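Asks: Taking this note's numbering, the leading residue of the sequence shown gets 6, the next gets one more, and so forth.
Using N, Cα and C, we set each Cβ at its ideal position, and we do this for glycine too.
Small disclaimer: the values here were computed from a predicted structure and weren't measured.
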Amino acid sequence: MLTYTFRRLLTAIPTLILISLIIFLLLDLAPGDPTASLPLTIPPEVREQIRQSLGMGEPVHIRYLLWLKQMIWSEPLFYLSESIGWIDAPDEARLISWQTRAPVLDTVFERLPQTLMVVGLAYVVGVLIALPIGIISAYKQYSVFDQAGTFVSMIGFSIPPFFSGVLMIILFTVMMPKDSFWWFPSIYDTTLVIDSWEAFGKQVRQMVLPVMVLALQTTAQISRFMRASMLDNLNQDYVRTARAKGMTESVVVLKHVLRNSMIPVVTVIALGIPAIFGGAIITEQIFKVNGIGQLLIVSIQGSDVPMVQTLTFIFAVLIVFFNLIADILYGILDPRIRYD
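1. What residue range does the alpha helix (DSSP H) around Q146 cover?
2. Buried or exposed, going by whether 16 or more other CB atoms sit within 10 Å of the CB of D194?
3. Which term fits N238, buried or exposed, when burial requires 16 or more other beta carbons within 10 angstroms of its beta carbon?
4. Based on Cα-Cα distance, which residue from R68, I305, T223 and G125 lies nearest to L30?
5. In angstroms with no decimal places, state the Cα-to-Cα distance between M5 and L100.
6. Since W187 is in the alpha helix (DSSP H), which residue starts that stretch and which ends it?
7. Closest to W187 by CA distance: which of Q211, T196 and I164 is it?
8. Give every residue of the same chain whose Cβ lies closer than 6 Å to the Cβ of L110, excluding the five residues on either side of it in the sequence, and list them in chain order.
9. With a threshold of 8 Å, are at least 3 pairs of Cβ atoms found where one atom belongs to the region 132-140 and the other to the region 304-314?
10. Flag this pair as yes or no: are the beta carbons of G251 and V218 separated by less than 9 Å?
11. Is there at least one non-hydrogen atom of the ligand GTP closer than 8 Å to the beta-carbon of L176?
12. Using beta-carbon positions only, say whether G154 and S163 come within less than 9 Å of one another.
13. What are the complete alpha helix (DSSP H) segments, minimum 4 residues, inside the region 13-100?
14. How far does the alpha helix (DSSP H) with W202 in it reach, from first residue to last?
15. Between which two residues does the alpha helix (DSSP H) holding R248 run?
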């Protein structure tokens, strides 16, 4: 397993380099001007000087190599020098945002806790709800519970987050009295400091709506995969053999069937983690969560190419990394799978 993991990590390096090249070229060819948001009274020669100061006068391959070096070498060394101390920081300029004129990764790490708090909790809640629903729906096929789970899953698949988010705001914010227990704020207060139980309660309440929207999609997807995988294994010969040996239903279902059924579901769960970050882009805009998703939208609107390139590349790294995690979990769940 260790050899396979090391080999996959080596394979991921050229893959990520190719992805970074595609991202850079697509954004470089896209229309947009970093000086478009500046006042119209600025003379054209001053605008051109600003473009030159941002590195726009360099050839494409020079700008790409400089950006790649900053992403994979310079920026990690900056953070290592700040956290460890005995590593000297590189003597070169950092990757700067065109909008804020601040280091790109500093801005990303400032926004990351908000996204992880909302998106991470929503994904955990969605998975914890989806797995029991899928297991019970498969074991009690065509029952009332199975039909109700199928109905909820179809709703989660069919309704996009920009619609379900607005619907949640109408139901639990606009139509609900503010003194009601079921009233929840529609705007996420990023500046809230949790220093008391009252502040903790406010934090929980403002997280309810965005977590519900994101968890609904996760529950719908994973519960359907869990149900289909369980149904496929419940009819296998080894299940009938286990029952014939006198094993209890809980042992048969939870020990034998569930472990084999989790193998394909692991892929969905692992690959769903970077996908949920993409889904949070719209949800963060709806509920005004000051996270990575909102940062990406604002950067696209402001033609902040370094910020968009960095965030897109981070999403690509997450996809490659969780692909590797899914393959490793295959070997843990199924002893028949050997990579070495």
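Replies: Reading off the structure:
1. As a working note, residue 146 is residue 141 in the sequence shown. Q146 -> no alpha helix (DSSP H), and no H or E assigned at all.
2. Taking the first residue of the sequence shown as position 1, residue 194 is located at position 189. It is exposed - the Cβ of D194 has fewer than 16 other Cβ atoms within 10 Å.
3. Working through the sequence shown from its first residue, we reach residue 238 at position 233. N238 is buried by the Cβ-count criterion.
4. Numbered from 1 along the sequence shown, position 25 holds the residue referred to as residue 30. If we check each option's Cα against that of L30, R68 comes out closest.
5. Missing from the structure shown is residue 5; the chain here goes from 6 to 345 and no further.
6. Stepping through the sequence shown from its first residue, residue 187 is reached at position 182. W187 -> no alpha helix (DSSP H), and no H or E assigned at all.
7. Here the question's residue 187 lines up with position 182 in the sequence shown. It is Q211.
8. Residue 110 sits at position 105 when you count from the first residue of the sequence shown. Excluding five sequence positions before and after L110, the CB atoms of its chain that fall closer than 6 Å to its own CB belong to E80, given in chain order.
9. no
10. In the sequence shown, the residue the question calls residue 251 occupies position 246. In the sequence shown, the residue the question calls residue 218 occupies position 213. In this structure, G251 lies away from V218, with their beta-carbon atoms at least 9 Å apart.
11. By its list of ligands, the structure shown contains no ligand whatsoever, and the ligand GTP lies outside what it can speak to.
12. Position 149 of the sequence shown, counted from the first residue, corresponds to residue 154. Position 158 of the sequence shown, counted from the first residue, corresponds to residue 163. No, these two residues do not count as a Cβ contact at 9 Å.
13. 49-58, 65-74 and 80-88
14. By one-based count along the sequence shown, residue 202 stands at place 197. Here the alpha helix (DSSP H) through W202 covers W202 to L239.
15. Residue numbering aside, residue 248 sits at position 243 when the sequence shown is read from its first letter. Its alpha helix (DSSP H) spans residues D242 to A249.
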